[in-house]
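Residue numbering for the first sequence is 34 to 410, as defined by this note's numbering. Just so it is clear, CB atoms sit at the ideal spot from N, CA and C, and this is done for glycine as well.
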Amino acid sequence: MTLSQQLPLSQPVLPSHQLDGSVLPALRQSLLTWYRQAGRELPWRSQQDPYAIWVSEIMLQQTQVKTVIPYYHRWLQQFPTIATLAIADQQQVLKVWQGLGYYARARNLHRAAQVIMQQHQGQFPDQLPAILALPGIGRSTAGGILSAAFHQAWPILDGNVQRVLARLVALPCPPRQALNALWQLSAQLLDAQHPRDFNQALMDLGATVCTPQQPTCQNCPWQPHCQAYDQGMQSSLPMREPTVPLPHKTIGVAVIWNDQGQVLIDRRRQSGLLGGLWEFPGGKVEVGETVVECIVREIQEELGIEIAVAQHLVTIDHAYTHFRVTLVVHCCRHIAGTPQPLACDEVRWVTLEELDQFPFPKANVQIIEALHSHPPT
DNA sequence: TAATCGTGGCA
DNA sequence: TTGCCAAGATT
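Written out as structure tokens, the structure reads:
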């Protein structure tokens with residue numbers, strides 16, 4: 034054993050991913066002081082309505098503040114209370130959410146509003162078990178709501194907090210492999226006298242100072258305590274998961290016109306990708322198959338109708354979280370048969386003017402834009 | 001436990 | 001153009 038590895042028994046040394054409890058007051062105080070001076074002013078911070086705070090927490094899952102803000106205002110204008118949300122139609126709910134992504138969040142908000150009306154007399158619950166029981170709310174969102182709306186001292190652990198804490202203790206593995214330790218850290222650090230401001234401050238620190246790229250450590254209240262900074266590791270922490278290459282699919286898509294000047298759209302099933310949204314029908318181009326052959330086959334299989342594939346309309350590249358797609362869109366003509374919802378929840382013939390009443394995913398909005406700029410001949 | 005689930009912005 | 005990542009939850 035070298036001299037540097039000999040440690041005094043009277044002063045036990047913590048593993049590198051834990052904190053010395055004696056620094057907690059200084060960490061809390063410096064963060065709260067920084068927050069009062071440099072914290073962001075955000076719409077949901079200026080009021081106390083648990084419903085509005087809940088909506089913001091759900092919208093902010095995996096989504097940046099700048100993206101959320103216009104959606105947040107539109108949502109509260111459309112659904113100002115839990116009761117108005119509960120009685121709304123799901124299509125109306127998804128339409129307001131259109132473009133924000135992760136559409137299960139909107140479906141779960143809608144369902145949870147109905148649960149609150151039925152089981153909590155329309156009042157958002159203020160106890161952890163009841164909040165966790167609502168669809169779409171996990172441990173971190175529950176902590177965010179309880180601290181922000183009810184001033185209860187529950188910890189949070191979103192992406193910002195994971196990054197801040199991983200740097201603070203120079204976490205020697207990707208955060209996902211140490212969630213238990215990070216939750217303990219978040220709970221240990223939390224200022225029980227100021228849970229709302231502390232949690233908000235922790236997220237602001239991650240969003241504005243302890244950023245993923247080029248953190249501005251000179252502005253950080255925790256720089257004197259940061260093990261990553263001390264080791265010059267702030268740019269390479271937190272450690273990353275090994276990345277797998279995204280698979281790619283080519284999808285043949287049909288814009289099918291009938292003799293009444295209407296196009297055919299279908300509503301996707303509730304579960305899975307883009308659940309509950311509308312789309313132009315189509316499917317994956319198989320090996321050894323042309324796009325035109327694919328479109329004819331898919332429309333026969335999924336809608337039970339016969340079509341004639343006409344001119345190419347547009348090709349759209351789009352990246353989802355776990356794969357990329359190329360949509361090759363053709364105009365088509367309805368030949369025979371009544372469309373049936375064989376692989377979807379619903380099918381409808383609609384005019385071009387009616388399309389904007391339905392919630393569509395982004396790639397399909399691009400198809401609609403192409404239709405408007407290249408109307409059928 | 002690990003895969004699934006959108007979109008926008010940035011380098 | 002590509003990769004990475006953002007106020008995570010669900011199954």
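Between the segment 237-246 and the segment 192-200, the count of C-beta pairs closer than 8 Å reaches three or more; the two stretches touch. Here T359 carries a strand assignment [DSSP, helix/strand/coil]. Per DSSP, reduced to three states, the secondary structure at G176 is helical. Just so you know, the alpha carbons of G337 and V296 end up roughly 16 Å apart.
Under the Cβ criterion (8 Å, minimum of three pairs), the segment 264-273 does not count as touching the segment 100-116. By the CB criterion at 9 Å, V318 and A403 fall outside the cutoff. Counting along the chain, no alpha helix (DSSP H) covers L223, and no H or E run does either.
One Cα belongs to W67, the other to P254, and the distance between them is close to 6 Å. Q51 and L57 have their C-alpha atoms spaced approximately 12 Å apart. The residue from W290, G171 and A119 with its alpha-carbon nearest to that of A369 is W290.
In this structure, the alpha-carbon of A139 lies about 6 Å from that of L127.
Under the DSSP assignment, D299 falls in the beta strand (DSSP E) whose first and last residues are V296 to R300. When secondary structure is reduced to three states using DSSP, W255 falls in the coil class, being assigned neither helix nor strand.
The beta carbon of A396 sits closer than 7 Å to those of I349, H351 and L360, all from its chain and outside the five residues before and after it, given in chain order.
Taking every protein chain shown into account, the CB of E339 has fewer than 16 other CB atoms within 10 angstroms, so this residue is exposed.
By the neighbour-count criterion, in which 16 or more other beta carbons inside 10 Å mark a residue as buried, D122 falls on the exposed side.
Taking a cut-off of 8 Å on C-beta distances, the segment 76-93 does not touch the segment 244-262, as fewer than three cross pairs fall below it. Assignment of beta-bridge partners to V329 by DSSP yields no partner. When the Cα atoms are used, S304 and A71 turn out to be separated by approximately 42 Å. For Q344, the uninterrupted beta strand (DSSP E) run begins and ends at E339 to A352, by DSSP.
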